[in-house]
Each structure stands twice: as C-alpha cells, then as structure tokens.
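Quick note, in my numbering, the sequence shown goes up one by one and the last residue is 245. Where is the CB? At the ideal position from N, CA and C, for every residue including glycine. The structure presented is a predicted model; accordingly, all values stated were derived computationally and were not measured.
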Amino acid sequence: MNKLKALLVINPIMALLFLALVVTAIFNRVIPYQIYSILHPVLGYSFLFCVLCHIVFNWVWIKANFKISKKADAGKKI
Ligand code: HEM
Numbered sequence: 168m169n170k171l172k173a174l175l176v177i178n179p180i181m182a183l184l185f186l187a188l189v190v191t192a193i194f195n196r197v198i199p200y201q202i203y204s205i206l207h208p209v210l211g212y213s214f215l216f217c218v219l220c221h222i223v224f225n226w227v228w229i230k231a232n233f234k235i236s237k238k239a240d241a242g243k244k245i
C-alpha cells in the first residue's frame, strides 16, 4: 500500500476516532466510568497513533511547506 492509499484509509478513521472521542467526552457523565475509563483512552491513543502516521505519511508535504530541509538552511545568512 502506498502513502496515498494509506492516507485514504487513515484520514476517515482519524475523523471517526475524533468524533467518537468528543461524543464519549460529552456523555462522560452518562457512560459508566468502568466503560469510559477504557473506551475513551483506547480511542484517544488510537487517535494519537493515527495522527503520528498522518504526519509521517505527509512528511514530504510538511517539509516542502515549512521549509524543513538542509537545502533551505544552506541559503540562510546567520
Ligand atoms: C488525544 C486524544 C485523547 C486522549 C489520549 C485522551 C485520554 C484521556 C484519558 C487517559 C483520560 C482519563 C480517563 C480516566 O479517567 O480513566 C481522559 C479523560 C477525559 N477526556 Fe480525554 N483524551 C483525548 C481526547 C479528548 C477529547 C478530544 C476530549 C473532548 C472533546 C476529551 C475529554 C475528556 C474528558 C472530559 C475527560 C475526563 C472524564 C472524567 O473523568 O470525568 N478527551 N482522556
């Protein structure tokens, strides 16, 4: 699977995980704590994992747009 295909899968998963995080947080007084204390962190850490993958798979774009490269540094005057 190439980066683009991986992002096509990861991005909607990220959106759903974030939505689920917000929904569980909103209903945290309704959801029994025994369930919340497992469900919310599992969703949260899965979301963080997806964020990390999202950044890694978009690293070329990030580097290009924020000029994080050795070439960009070479032109700088100190
Ligand atoms: C980055 C993703 C997130 C992670 C890793 C995360 C993780 C956690 C953890 C470990 C807890 C403690 C659960 C416990 O008491 O055992 C917690 C509680 C909580 N989180 Fe998150 N969370 C995330 C995102 C969010 C978001 C997006 C919201 C709100 C929109 C939110 C709202 C809350 C609230 C309100 C509590 C306190 C619940 C309570 O004890 O009454 N969290 N979170």
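- Task: For my contact list, Ala-173 and Phe-224 are in at a C-beta cut-off of 8 Å; report their separation, rounded to the angstrom.
- Result: Your numbering for residue 173 matches position 6 in the sequence shown. Your numbering for residue 224 matches position 57 in the sequence shown. Right, the Cβ-Cβ distance comes to about 6 Å (below 8 Å), so this counts as a contact.
- Would the stretch 176-192 and the stretch 206-216 be scored as touching if the rule is three or more Cβ pairs under 8 Å? yes
- Message: Less than 7 Å separating the Cβ of Phe-216 from some heavy atom of ligand 1?
- Response: The sequence position of residue 216 within the sequence shown is 49, counting from 1. No; taking the cut-off as 7 Å, the Cβ of Phe-216 has no heavy atom of ligand 1 nearer than that.
- Task: Assuming Leu-210 contacts Ala-187 (C-beta within less than 8 Å), just tell me the rounded distance between them.
- Result: Sequence index remark: in the sequence shown, residue 210 carries index 43 (1-based). Sequence index remark: in the sequence shown, residue 187 carries index 20 (1-based). So it is a contact: roughly 5 Å between Cβ atoms.
- Query: Cα separation between His-207 and Ala-231?
  - Reply: Counting from 1 along the sequence shown, the entry for residue 207 is found at position 40. Counting from 1 along the sequence shown, the entry for residue 231 is found at position 64. For the pair His-207 and Ala-231, the Cα-to-Cα distance works out to about 35 Å.
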